[in-house]
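In order, the protein sequences belong to chains Y and C.
Reminder that position 203 of the first sequence reads as 203 in the UniProt record's numbering, one-by-one numbering, no gaps.
Reminder that position 47 of the second sequence reads as 47 in the UniProt record's numbering, one-by-one numbering, no gaps.
Virtual Cβ for every residue (Gly too), placed ideally from N, Cα, C.
Heads up, the thing below is written out as structure tokens.
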Amino acid sequence: MSVLLEIRDLSVSFRQYDRGLRRRTITPVEAMDLAAAPGELVALVGESGAGKTLLGEAVLGMLPGNARVAGTVRYRGEELTEQRRRALVGRELVMLPQSVTYLDPTARVGAQIGRALRLAGRAQGRDEVVAALAARNLDAEVARRYPHELSGGMARRVLLAMALAGSPDLVFADEPTPGLDEDSVRAIFAELRAIADAGAAVIAVSHDLTQVVEVADRMVICQGGRTVETAAPSAFGQGAVRHPYSRALWAALPANGFAVAEEVS
Amino acid sequence: MTPLTLSAEGVCFTHRRRAPWLLEAVSLALGSDEVVGLRGPSGAGKTTLARILAGLLRPQRGTVGFSEPRRRDTSCHRVQLVTQHPVHAMNPRWRIADVLAEPVSALNASADREQILAGLVDPGWLDRFPHEVSGGQLQRVNLARALLADPDFLIADEITASLDAVTQARIWRLLLERARERGIGVLVISHDDALLKVVCDRVLDLGDGGVI
């Protein structure tokens with residue numbers, strides 16, 4: 001199977017004004033590598049602030065103007081230029097955003113899903129909106145609500161309905177599950193798994209290690225702006241991960257001892 | 001200090017008129033010497049209940065009260081709420097030092113404030129803005145601010161759901177340590193049963209709008 005997306009030695013830096021006119025450059029992403037093939041679900045796990053979200057934003061061209069991206073990003077074997085990106089993002093390449101603030105606070109949920117369906121070139125009638133909600137276990141009544149009337153879990157499922165309105169080939173799911181109950185987490189990972197099985201490549205950023213190892217094909221572990229290790233999901237439970245940070249991550253899970261390993265901080 | 005109790009009795013709440021109750025006749029009691037978990041399906045009203053307990057929402061029926069009058073010297077609410085996204089809880093134009101100076105309490109004006117901050121907030125962050133520290137670091141600032149308000153109770157609503165496991169374990173160690181030292185009761189809202197099992201003395205279930 002050929003690789004759909006290949007990222008090599010990606011770095012992202014920002015130029016900022018510090019005090020007055022003094023400028024500084026910070027580099028939150030130093031060297032990240034990642035590859036995803038059609039049909040694959042790749043989990044990107046690791047430290048908060050390690051640059052997992054920035055990696056997705058760099059691929060989809062969502063970074064602010066003061067960001068500098070270096071390294072190679074290839075999509076379908078060719079470099080992902082600004083021009084290609086503009087043609088692909090939102091259709092073939094989609095982001096399932098992390099923050100529920102991506103919802104418009106002034107529009108009803110039904111209208112927002114309808115808009116996503118229209119942008120994806122789908123029919124956008126009431127029936128389609130209700131079907132998109134029902135596919136995520138949400139009642140038709142939810143269409144009339146505003147975002148502040150949704151629970152965290154419901155808002156996340158609405159975002160999922162919007163992101164998957166088209167039939168994307170590459171989905172970058174940024175933390176799709178925090179704050180959800182176990183059944184909803186399982187349902188969302190099952191949906192991402194199904195999208196991968198249907199032929200798309202899915203990259204899922206997650207802190208929910210116990211659940212994501214159940215569905216992922218590969219785990220990419222990162223810390224401090226670098227990808228430190230790529231491992232099989234089963235390697236965690238078998239103690240076969242090599243990098244000290246990967247081990248610390250597994251040992252810190254509440255069910256595995258809640259250990260705070262000082263040497264990795 | 002002898003423990004005191006925060007109690008909710010028969011609390012009913014709905015976001016819109018004529019809609020069914022989101023919370024119906026919910027009652028619970030939380031001691032200032034315990035760490036209690038609150039679990040329940042997504043949409044059951046956990047966060048709404050947290051906001052009611054913290055005085056941010058008023059229930060349409062029922063009451064929230066304390067077993068004893070205020071005895072700490074603070075102008076902040078006796079129940080402090082810490083939520084999942086600290087960046088939404090802070091003024092983006094304030095530096096971390098200003099964020100931490102906000103709670104008006106005798107504790108925040110005394111030398112004891114340093115004991116709260118030690119291990120929780122790195123002095124190097126103080127002149128930065130909220131978006132210039134990582135999510136885990138900002139959650140520690142958020143927690144420190146809640147503690148500096150010198151509350152009797154603290155509600156932790158999915159405070160580590162967006163954080164990696166190592167950062168999560170570190171934050172909970174610090175929180176439980178401070179809560180024990182200062183006699184603060186903690187209500188832990190989480191979907192992570194493994195986490196609740198490790199940090200809580202007991203766990204309550206909030207069914208679909210139902211009674212605990």
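Per-residue contacts from residue i into chain Y (C-beta, under 9 Å)
i                 : result
Ile158 of chain C : This sequence places Glu at residue 158 of chain C; Ile is not what is there. Here the neighbours are Gly152, Pro178, Gly179.
Val35 of chain C  : Within chain Y, no residue comes near Val35 of chain C; the closest Cβ sits about 14 Å away, beyond 9 Å.
Cβ distance (whole Å) where residue i is taken to contact residue j below 8 Å
i                 : j                 : result
Glu40 of chain Y  : Asp217 of chain Y : 5 Å
Arg93 of chain C  : Arg128 of chain C : Wrong, their Cβ atoms sit about 12 Å apart, outside the cutoff.
Glu158 of chain C : Pro178 of chain Y : 7 Å
Val12 of chain Y  : Leu63 of chain Y  : 7 Å
Lys46 of chain C  : Leu174 of chain C : Actually they are not in contact, since the Cβ atoms of Lys46 of chain C and Leu174 of chain C sit about 23 Å apart, beyond 8 Å.
Leu49 of chain C  : Val26 of chain C  : 6 Å
Leu148 of chain C : Leu100 of chain C : 6 Å
Ser116 of chain Y : Val130 of chain Y : Per the sequence presented here, residue 116 of chain Y reads as Ala, with Ser not at that position. Not quite, the Cβ-Cβ distance comes to about 14 Å (not below 8 Å), so this is no contact.
Gly51 of chain Y  : Arg8 of chain Y   : The Cβ separation is near 15 Å, so there is no contact.
Euclidean distance between Cα positions of residue i and residue j
i                      : j                 : result
Ala194 of chain C      : Gly20 of chain Y  : 48 Å
Gln139 of chain C      : Ala97 of chain C  : 14 Å
Ala111 of chain Y      : Gly152 of chain Y : 19 Å
Gly166 of chain Y      : Arg118 of chain Y : 9 Å
Glu82 of chain Y       : Ser134 of chain C : 29 Å
Ala144 of chain C      : Val87 of chain C  : 14 Å
residue 270 of chain Y : Ala106 of chain C : Past the edges of chain Y, shown from 1 to 265, lies residue 270 of chain Y, and the structure says nothing about it.
Gly121 of chain Y      : Pro38 of chain Y  : 23 Å
Val264 of chain Y      : Leu176 of chain C : Only weak support is given to the placement of Val264 of chain Y: the predicted model assigns it a pLDDT of 49, under 50, and the value that follows is read from those uncertain coordinates. Roughly 22 Å between the two C-alpha positions.
Ala235 of chain Y      : Trp172 of chain C : 27 Å
Tyr17 of chain Y       : His243 of chain Y : 36 Å
Pro3 of chain C        : Leu126 of chain C : 34 Å
Ala179 of chain C      : Phe258 of chain Y : 18 Å
Thr83 of chain C       : Leu253 of chain Y : 21 Å
Arg72 of chain C       : Ala204 of chain Y : 46 Å
Ala36 of chain Y       : Asn91 of chain C  : 39 Å
Leu88 of chain Y       : Gly61 of chain Y  : 11 Å
Glu182 of chain Y      : Asp192 of chain C : 8 Å
Arg15 of chain Y       : Gly65 of chain Y  : 10 Å
Residue i Cβ short of 7 Å to the ligand FMN heavy atom set
i                 : result
Leu175 of chain C : Of the ligands one can find in the structure shown there are none, so the ligand FMN has no counterpart to examine.
Partner residues on chain Y for residue i, Cβ-Cβ distance less than 7 Å
i                 : result
Gly43 of chain C  : Ser151, Gly153, Met154
His15 of chain C  : Glu149
Val198 of chain C : Pro254, Phe258
Leu128 of chain C : First, the amino acid is wrong: residue 128 of chain C is Arg here, not Leu. In chain order: nothing, as chain Y lies at least about 10 Å away.
Chain-ordered chain C contacts of residue i [CB-CB under 7 Å]
i                 : result
Gly46 of chain Y  : Asp164
Ala255 of chain Y : Ala194
Glu175 of chain Y : Ser162
Gly49 of chain Y  : Ser134, Gly135, Gly136
For residue i: DSSP bridge partner residues
i                 : result
Phe172 of chain Y : Y:Met95, Y:Ile203
Val260 of chain Y : Looking at the DSSP assignment, Val260 of chain Y forms no beta bridge with any residue, so it has no partner.
Gly46 of chain Y  : Y:Cys222
Leu30 of chain C  : C:Leu6
Met32 of chain Y  : Y:Leu10
Leu41 of chain Y  : Y:Val202
Arg72 of chain C  : Answer is none; Arg72 of chain C lacks a bridge partner.
Thr210 of chain Y : None; Thr210 of chain Y has no bridge partner.
Glu79 of chain Y  : Y:Arg74
Cys12 of chain C  : C:Arg61
Closer than 9 Å at the beta carbon, the chain C residues around residue i
i                 : result
Ala259 of chain Y : Val166, Ala169
Leu209 of chain Y : Asp164, Ala165
Ala248 of chain Y : Ala165, Val166
Chain-ordered chain C contacts of residue i [CB-CB under 8 Å]
i                 : result
Glu182 of chain Y : His191, Asp193
- Hey, is the stretch 69 to 82 of chain Y in contact with the stretch 94 to 104 of chain Y, meaning 3+ C-beta pairs nearer than 8 Å? no
- Item | Sufficient close CB pairs (3 or more, under 8 Å) joining the stretch 1 to 18 of chain C to the stretch 162 to 170 of chain C | Verdict: no, contact absent.
- For the 8 Å Cβ check, are there 3 or more pairs between the stretch 33 to 51 of chain Y and the stretch 216 to 234 of chain Y? yes
- Task: Would you check if the stretch 5 to 15 of chain C and the stretch 34 to 42 of chain C touch, i.e. whether three or more CB-CB distances between them fall below 8 Å?
- Result: no
- Item | Cβ contact (3+ pairs, closer than 8 Å) linking the stretch 190 to 209 of chain Y and the stretch 162 to 176 of chain Y | yes
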